[in-house]
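Residue numbers (the numbering used here), protein chains in the order written: chain X, 215 to 426; chain V, 2 to 202; chain D, 32 to 406.
In this text, a Cβ means the ideal position worked out from N, Cα and C, and glycines have one as well.
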Amino acid sequence: MSEFFAFVVREQDLIISNMLRHIYISLLAVFIGTLIAVPLGIWLTRKRKIANYILGITGIIQTIPSLVLLGLALIIFGLGVKPALIVLSLYSILPILRNTYTGISEVDDMYIEAAKGMGMKNIQILYMVEIPLALPVIIAGIRISLIYIISWATLAALIGAGGLGDLIWTGLASYDKNLIYGGAIPASILALVVGALIGFIQKIATPRGLRR
Amino acid sequence: MEKILITVVDHLQIAATGVLIAVLVGITMGIVLTRYKPIAGFVMSVTDIIQTIPTLALLSILMIMFGLGNATVIIGLFLYSLLPIIRNTYVGILSVDEGLIEAGLGMGMTKTQLLFKVELPIALPIILSGIRIAFITALGITTIGVLIGAGGLGHFIWRGIQMQNTRMILSGAIPVSILAVGADLLLGFLENKLVKRAKRA
Amino acid sequence: MVRFENVKKAYNDVTVIEDLNLHIKEGQLVVLIGPSGCGKTTTLKMINRIIEPTSGSIYIDGEDITKVNPVMLRRKIGYVIQQIGLFPNMTIAQNVEIIPKLLGWPADKRRKRTEELLHMVDMSPEQYADRYPSELSGGQQQRIGVLRALAAEPPLVLMDEPFGALDPITRESLQDEVKRLQKKLKKTIVFVTHDMDEALKIADVIVLMKDGKIVQAASPEELLSNPANDFVAQFIGKHRLNDGLEIETVEDVMRHDPVTVTKDIGTSESVALMKRKGVNSLLVVDDEGRLEGVVTVDKIRKQGKAGRNISELIDKDIRTIPTNTNAREAFDILIEDKLDYLAVVDDKNKVKGLVTKTSIVKALAEVVWKDNGHE
Numbered sequence: 215m216s217e218f219f220a221f222v223v224r225e226q227d228l229i230i231s232n233m234l235r236h237i238y239i240s241l242l243a244v245f246i247g248t249l250i251a252v253p254l255g256i257w258l259t260r261k262r263k264i265a266n267y268i269l270g271i272t273g274i275i276q277t278i279p280s281l282v283l284l285g286l287a288l289i290i291f292g293l294g295v296k297p298a299l300i301v302l303s304l305y306s307i308l309p310i311l312r313n314t315y316t317g318i319s320e321v322d323d324m325y326i327e328a329a330k331g332m333g334m335k336n337i338q339i340l341y342m343v344e345i346p347l348a349l350p351v352i353i354a355g356i357r358i359s360l361i362y363i364i365s366w367a368t369l370a371a372l373i374g375a376g377g378l379g380d381l382i383w384t385g386l387a388s389y390d391k392n393l394i395y396g397g398a399i400p401a402s403i404l405a406l407v408v409g410a411l412i413g414f415i416q417k418i419a420t421p422r423g424l425r426r
Numbered sequence: 002m003e004k005i006l007i008t009v010v011d012h013l014q015i016a017a018t019g020v021l022i023a024v025l026v027g028i029t030m031g032i033v034l035t036r037y038k039p040i041a042g043f044v045m046s047v048t049d050i051i052q053t054i055p056t057l058a059l060l061s062i063l064m065i066m067f068g069l070g071n072a073t074v075i076i077g078l079f080l081y082s083l084l085p086i087i088r089n090t091y092v093g094i095l096s097v098d099e100g101l102i103e104a105g106l107g108m109g110m111t112k113t114q115l116l117f118k119v120e121l122p123i124a125l126p127i128i129l130s131g132i133r134i135a136f137i138t139a140l141g142i143t144t145i146g147v148l149i150g151a152g153g154l155g156h157f158i159w160r161g162i163q164m165q166n167t168r169m170i171l172s173g174a175i176p177v178s179i180l181a182v183g184a185d186l187l188l189g190f191l192e193n194k195l196v197k198r199a200k201r202a
Numbered sequence: 032m033v034r035f036e037n038v039k040k041a042y043n044d045v046t047v048i049e050d051l052n053l054h055i056k057e058g059q060l061v062v063l064i065g066p067s068g069c070g071k072t073t074t075l076k077m078i079n080r081i082i083e084p085t086s087g088s089i090y091i092d093g094e095d096i097t098k099v100n101p102v103m104l105r106r107k108i109g110y111v112i113q114q115i116g117l118f119p120n121m122t123i124a125q126n127v128e129i130i131p132k133l134l135g136w137p138a139d140k141r142r143k144r145t146e147e148l149l150h151m152v153d154m155s156p157e158q159y160a161d162r163y164p165s166e167l168s169g170g171q172q173q174r175i176g177v178l179r180a181l182a183a184e185p186p187l188v189l190m191d192e193p194f195g196a197l198d199p200i201t202r203e204s205l206q207d208e209v210k211r212l213q214k215k216l217k218k219t220i221v222f223v224t225h226d227m228d229e230a231l232k233i234a235d236v237i238v239l240m241k242d243g244k245i246v247q248a249a250s251p252e253e254l255l256s257n258p259a260n261d262f263v264a265q266f267i268g269k270h271r272l273n274d275g276l277e278i279e280t281v282e283d284v285m286r287h288d289p290v291t292v293t294k295d296i297g298t299s300e301s302v303a304l305m306k307r308k309g310v311n312s313l314l315v316v317d318d319e320g321r322l323e324g325v326v327t328v329d330k331i332r333k334q335g336k337a338g339r340n341i342s343e344l345i346d347k348d349i350r351t352i353p354t355n356t357n358a359r360e361a362f363d364i365l366i367e368d369k370l371d372y373l374a375v376v377d378d379k380n381k382v383k384g385l386v387t388k389t390s391i392v393k394a395l396a397e398v399v400w401k402d403n404g405h406e
């Protein structure tokens with residue numbers, strides 16, 4: 215163990231720079247995913263027929279192993295950060311899309327009728343009623359997505375994304391325990407901290423009237 | 002081709018073994034937790050934390066502890082599968098109508114009889130849904146097993162990525178995707194049937 | 032104020048409103064009432080264009096409402112719904128201030144209006160303005176629902192069964208409140224209900240509807256003294272007039288909704304059902320509704336086996352009486368034979384009801400105290 219600590223002290227720059235890169239790639243991917251998934255999810259609640267179709271397809275995509283998708287990304291886009299980011303962003307869409315759709319769909323009809331009856335425009339109903347009420351569910355989707363992506367990003371190192379996966383990966387290839395720990399432990403801590411942090415944000419974002 | 006088929010079987014074996022052990026342990030734990038609710042929250046948090054750990058991180062740490070090979074992947078699969086199975090067993094049993102339990106007790110059933118004749122049959126669709134989630138996830142994790150020296154279809158994908166060989170990648174990617182989607186449909190179908198049967202009764 | 036001219040509404044081939052003509056005068060509280068499916072709610076919702084008529088015209092203050100943008104139209108019409116629909120993510124004050132805010136009132140004017148409204152229903156702004164709907168009782172929530180509709184001072188307010196989900200005592204006090212507010216603020220209110228007591232209590236004009244048509248539109252007094260036809264008389268009678276009510280046959284004193292099951296139901300399910308319905312026995316009937324016997328909770332507990340159905344636990348020895356039995360006679364049988372209940376059956380042995388001591392006492396109480404509001 216002390217050997218590992220010595221390693222951490224010696225290689226702290228390497229670990230920290232890889233960690234920052236890992237955070238950067240994950241956040242960027244989920245950010246892009248959110249930008250696409252939330253509007254798309256809202257739009258789908260207005261197009262129920264298309265929604266079943268699209269959610270069915272995304273459900274199937276979600277069952278496909280991550281390594282497969284990364285392999286396909288390599289075939290289509292080649293090696294590098296960009297292909298990794300593309301596939302991570304695309305994948306991060308799935309949980310957020312599903313939760314946005316579910317969250318908005320589950321807003322009770324009575325609120326919509328009340329809002330309509332008092333003369334709100336559709337866009338006002340959306341941002342004054344539907345989005346606030348669905349927000350906790352949407353954020354839960356972002357949380358799931360981010361945890362997945364942090365995990366996936368370790369694999370994405372295989373196709374040139376960099377990040378903590380690089381350390382694990384180099385460690386596995388050379389059977390260097392310190393390198394493996396140096397990648398695996400920060401990655402695990404990162405996932406746990408981010409999960410807890412967003413859980414906390416979710417609590418804050420829940421309107422007080424909806425908290426139990 | 003033959004090699005692919007052998008690898009498919011290998012892949013399935015690894016995934017199924019890990020999930021099977023998790024099913025045995027997870028269902029038992031789920032049942033026990035319904036009898037000791039105060040510790041349920043704690044156990045769920047622990048399994049939740051395990052699930053949050055990135056797959057490659059957990060597998061590589063396990064590799065350091067248990068060495069290269071299939072056994073290590075199976076241990077990882079077991080750990081990842083625990084959460085959905087324990088949680089669904091717990092939730093499924095707690096969702097059984099109080100009236101039915103009272104009726105069972107009123108008829109003089111023992112607690113064991115109640116469990117096997119009333120609670121488990123009613124919770125079965127929910128438990129099965131947990132197993133489905135666990136198994137699909139396991140098929141995916143098994144592909145990563147190649148990185149810690151295990152067998153399975155990940156082998157082709159991994160070699161293909163290294164050699165940047167499309168055919169090689171596809172010869173692993175296609176069968177494993179068919180396995181995952183097929184297993185999802187099959188188990189989903191079983192689950193639906195159980196739900197329908199439960200509704201008719 | 033509001034005028035319907037030859038309004039018709041149909042969904043595909045199904046006509047729900049047939050050639051409706053109605054004039055709602057300013058300052059009146061008009062109640063639309065009738066059996067479910069009569070078109071009363073559809074009529075109401077056409078006024079603020081939640082539902083659009085198939086043909087015909089509706090005018091508010093002489094203006095054809097199809098010529099007005101629906102959003103602008105609705106901001107000038109208060110709207111109260113049965114489910115209340117206060118937004119749970121907003122405070123009471125925020126809820127009340129929605130429409131004024133949409134209309135662009137300045138903040139201080141909005142706040143003043145909210146306080147004024149809360150005072151009107153005796154809810155102090157200091158105590159309630161910043162609370163959330165989930166922290167209020169159902170009755171308080173619907174008071175806020177009414178205030179929200181009144182906030183922007185609309186001359187016209189629509190209320191769709193606003194008190195239907197409240198308990199009887201709260202309902203009565205809210206009825207009083209609405210009547211008082213309407214008189215004080217001189218609002219025109221269109222109010223939908225299925226409760227004749229409520230209609231008679233608050234209405235200036237009652238519009239009784241059936242099958243998409245108006246059967247009679249008149250003041251409560253007129254309706255009571257001069258019902259237009261048998262349907263009206265019956266509808267009022269059932270809901271209101273105890274004067275003619277007499278107890279004659281067992282049909283007047285029985286429970287009309289006994290809990291029945293068929294014999295293929297499982298033992299555990301029957302116990303669960305009894306528990307849910309708060310009874311300790313179930314009448315067993317065949318597929319046609321003919322009485323086969325009774326099954327009791329005691330018997331299931333003593334002899335039942337899990338997973339089996341109740342067929343072997345049925346007690347066939349049950350006392351039945353025909354529907355035309357004299358109520359007094361049924362009462363005597365019940366008391367003299369020390370029975371818990373009598374099953375009431377028709378000439379085909381179909382179960383029509385159940386006479387118990389409680390059901391008789393209830394029927395008597397209705398006659399003595401003319402109290403039938405809680406069917």
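Task: Any beta strand (DSSP E) of 3 or more consecutive residues that is wholly inside the segment 78 to 118 of chain D - done: 86 to 91 and 108 to 112
- [ ] Output, in chain order, the set of chain X residues within a Cβ distance shorter than 7 Å of V:THR53.
- [x] Along the second sequence, read from residue 1 onward, the residue named residue 53 of chain V stands at position 52. Neighbours of V:THR53 on chain X, chain order: ILE361, ALA405, LEU406 and GLY409.
- [ ] Look at X:GLY285 and V:ILE162 and say whether their C-beta atoms are less than 9 Å apart.
- [x] Taking the first sequence and counting its residues from 1, one reaches residue 285 of chain X at position 71. Taking the second sequence and counting its residues from 1, one reaches residue 162 of chain V at position 161. Yes. Within cutoff.
Open item on the list: Any beta carbon from chain D within less than 9 Å of X:GLU320's own beta carbon?
Closed with: Taking the first residue of the first sequence as 1, we reach residue 320 of chain X at position 106. Answer no: the Cβ-Cβ gap between X:GLU320 and chain D never drops below 9 Å.
TODO: Please list the partners that D:ASP103 has in chain X, where partner means a Cβ-to-Cβ separation under 9 Å.
DONE: By one-based count along the third sequence, residue 103 of chain D stands at place 72. One detail in the question is off: residue 103 of chain D reads as Met in this sequence, not Asp. Those within 9 Å of D:MET103 in chain X are GLY333.
Task: V:HIS234 - containing alpha helix (DSSP H), residue span - done: Because chain V spans 2 through 202 in this model, residue 234 of chain V falls outside it and cannot be assessed.
Task: Closest Cα partner of V:ALA135 within the set V:LEU25, V:ILE5, V:ILE7 and V:MET169 - done: On the second sequence, residue 135 of chain V is found 134 positions in, with the first residue counted as 1. When only C-alpha atoms are compared, the closest one is V:LEU25.
TODO: For the segment 324 to 373 of chain X, list the alpha helix (DSSP H) runs that are entirely contained and at least 4 residues long, ordered along the chain.
DONE: Whole alpha helix (DSSP H) segments, 4+ residues: 345 to 370.
Task: Residues bridged to D:PHE262 [DSSP beta-bridge criterion] - done: Stepping through the third sequence from its first residue, residue 262 of chain D is reached at position 231. According to DSSP, which records beta bridges pairwise, D:PHE262 is partnered with nothing at all.
Open item on the list: According to DSSP, X:HIS236 sits in a beta bridge with which residue or residues?
Closed with: Here residue 236 of chain X is taken as the residue at index 22 of the first sequence, counted from 1. Answer is none; X:HIS236 lacks a bridge partner.
TODO: From the DSSP output, read off the bridge partner residues of D:THR327.
DONE: Residue 327 of chain D sits at position 296 when you count from the first residue of the third sequence. In the DSSP assignment, D:THR327 forms a beta bridge with D:SER312.
- [ ] Can you tell me which of the three DSSP states D:ARG271 falls into?
- [x] Translated into positions along the third sequence, residue 271 of chain D becomes position 240. Residue placement at D:ARG271 cannot be trusted, given a pLDDT of 49 that sits under 50; what the coordinates show is reported in the next sentence. Note: D:ARG271 maps to coil in three-state DSSP.
Open item on the list: Going by DSSP in three states, D:PHE194 sits in which element: helix, strand or coil?
Closed with: The sequence position of residue 194 of chain D within the third sequence is 163, counting from 1. Three-state result, D:PHE194: coil.
Open item on the list: Determine, for D:GLN158, whether the minimum Cβ-Cβ distance to residues of chain X falls below 9 Å.
Closed with: Taking the third sequence and counting its residues from 1, the one referred to as residue 158 of chain D is at position 127. No, D:GLN158 lies away from the interface with chain X (no Cβ there is under 9 Å from its Cβ).
Task: Cβ separation of X:ILE274 and X:LEU258, assumed to be a contact under 8 Å, to the nearest whole Å - done: Translated into positions along the first sequence, residue 274 of chain X becomes position 60. Translated into positions along the first sequence, residue 258 of chain X becomes position 44. Rounded, the Cβ-Cβ distance is 16 Å, inconsistent with contact.
Task: Backbone secondary structure at D:LYS388 - three-state DSSP - done: One-based indexing of the third sequence puts residue 388 of chain D at position 357. Correct three-state label for D:LYS388: helix.
Open item on the list: When you compare the segment 319 to 332 of chain X with the segment 387 to 402 of chain X, are there three or more beta-carbon pairs, one atom per stretch, that lie closer than 8 Å?
Closed with: Touching, no, given that fewer than three Cβ pairs across the two stretches are closer than 8 Å.
Task: Where the alpha helix (DSSP H) containing V:MET108 begins and where it ends - done: Taking the second sequence and counting its residues from 1, one reaches residue 108 of chain V at position 107. Careful: V:MET108 lies outside any alpha helix (DSSP H) and carries neither H nor E.
Open item on the list: With distance defined between alpha-carbon atoms, name the residue in D:ILE129, D:LEU63, D:GLU343 and D:GLU253 nearest to D:THR293.
Closed with: As a first step, residue 293 of chain D is located in the third sequence; it is residue number 262 there, counting from the start. The shortest C-alpha separation from D:THR293 is found at D:GLU343.
TODO: Compare the C-beta of D:GLY70 against all C-beta atoms of chain V and say whether one is closer than 9 Å.
DONE: Here residue 70 of chain D refers to the residue found at position 39 when the third sequence is read from its first residue. Closer than 9 Å: no.
Open item on the list: Using C-beta distances below 7 Å, list every residue in its chain close to D:MET305, excluding the 5 sequence neighbours before and after it, in chain order.
Closed with: Within the third sequence, residue 305 of chain D is the residue found at index 274, counting from 1. Cβ neighbours of D:MET305 beyond the five flanking positions: ASN311, LEU313 and VAL328.
- [ ] Pull up the distance between the alpha-carbon of D:THR356 and that of D:ARG202, whole angstroms please.
- [x] For the purposes of this step, residue 356 of chain D is taken as residue 325 along the third sequence, with counting starting at 1. For the purposes of this step, residue 202 of chain D is taken as residue 171 along the third sequence, with counting starting at 1. The straight-line gap from Cα to Cα measures roughly 37 Å.
TODO: Please determine if the segment 410 to 418 of chain X and the segment 37 to 51 of chain V are in contact, where contact requires at least 3 C-beta pairs separated by less than 8 Å.
DONE: no
Task: chain D contacts made by the segment 103 to 116 of chain V, where a contact means CB separation under 8 Å - done: Flagged, chain order: GLU103, ALA104, GLY105, GLY107, MET108, MET110 and GLN114.
TODO: Report the partner residues of D:PHE35 according to the DSSP bridge assignment.
DONE: On the third sequence, residue 35 of chain D is found 4 positions in, with the first residue counted as 1. In DSSP, D:PHE35 forms a bridge with D:LEU53 and D:ILE89.
- [ ] Kindly say whether D:GLY338, judged by its beta-carbon, lies nearer than 9 Å to any beta-carbon of chain B.
- [x] The structure shown has no chain B; the protein chains it does contain are X, V and D.
Open item on the list: Check whether chain D comes within 9 Å of V:LYS118, counting only Cβ atoms and requiring the distance to be less than that.
Closed with: Along the second sequence, read from residue 1 onward, the residue named residue 118 of chain V stands at position 117. So yes, V:LYS118 belongs to the interface.
Open item on the list: Restricting to runs no shorter than 4 residues, where is the alpha helix (DSSP H) found entirely within the segment 319 to 384 of chain D?
Closed with: Complete alpha helix (DSSP H) runs here, min 4: 328 to 334 and 358 to 367.
Task: Rounded Cβ spacing between D:ASP283 and D:ALA394 (contact assumed at less than 8 Å) - done: Sequence index remark: in the third sequence, residue 283 of chain D carries index 252 (1-based). Sequence index remark: in the third sequence, residue 394 of chain D carries index 363 (1-based). Contact between D:ASP283 and D:ALA394 holds: CB atoms are separated by about 6 Å, below the 8 Å threshold.
Open item on the list: Which residues in chain V have a C-beta closer than 7 Å to the C-beta of X:ALA398? List them in chain order.
Closed with: Here residue 398 of chain X refers to the residue found at position 184 of the first sequence. What X:ALA398 touches in chain V: ALA58, SER61 and ILE62.
Task: Interface residues of the segment 87 to 115 of chain D facing chain X [CB-CB below 9 Å] - done: PRO101, VAL102, MET103, LEU104, ARG105, ARG106, LYS107, ILE108, GLY109, TYR110, VAL111, ILE112, GLN113, GLN114 and ILE115
Open item on the list: Here's the rule: buried if 16 or more other CB atoms are within 10 angstroms of the residue's CB, otherwise exposed. What is V:HIS156?
Closed with: Sequence index remark: in the second sequence, residue 156 of chain V carries index 155 (1-based). It is buried - the Cβ of V:HIS156 has at least 16 other Cβ atoms within 10 Å.
Open item on the list: Distance cutoff 9 Å, beta carbons only. Does V:VAL177 sit that close to anything in chain X?
Closed with: As a first step, residue 177 of chain V is located in the second sequence; it is residue number 176 there, counting from the start. Proximity of V:VAL177 to chain X, defined by a Cβ-Cβ separation below 9 Å, is satisfied.
Task: V:THR48 - DSSP class collapsed to helix/strand/coil - done: Here residue 48 of chain V refers to the residue found at position 47 of the second sequence. Helix at V:THR48.
Open item on the list: Does the CB of X:ILE230 have a neighbour CB from chain V at under 9 Å?
Closed with: The sequence position of residue 230 of chain X within the first sequence is 16, counting from 1. It does not: the Cβ of X:ILE230 has no partner Cβ on chain V nearer than 9 Å.
- [ ] Could you confirm whether any beta carbon from chain V is found closer than 9 Å to the beta carbon of D:LYS294?
- [x] What you label residue 294 of chain D is simply residue 263 of the third sequence in a count that begins at 1. No, D:LYS294 does not count as interfacial toward chain V.
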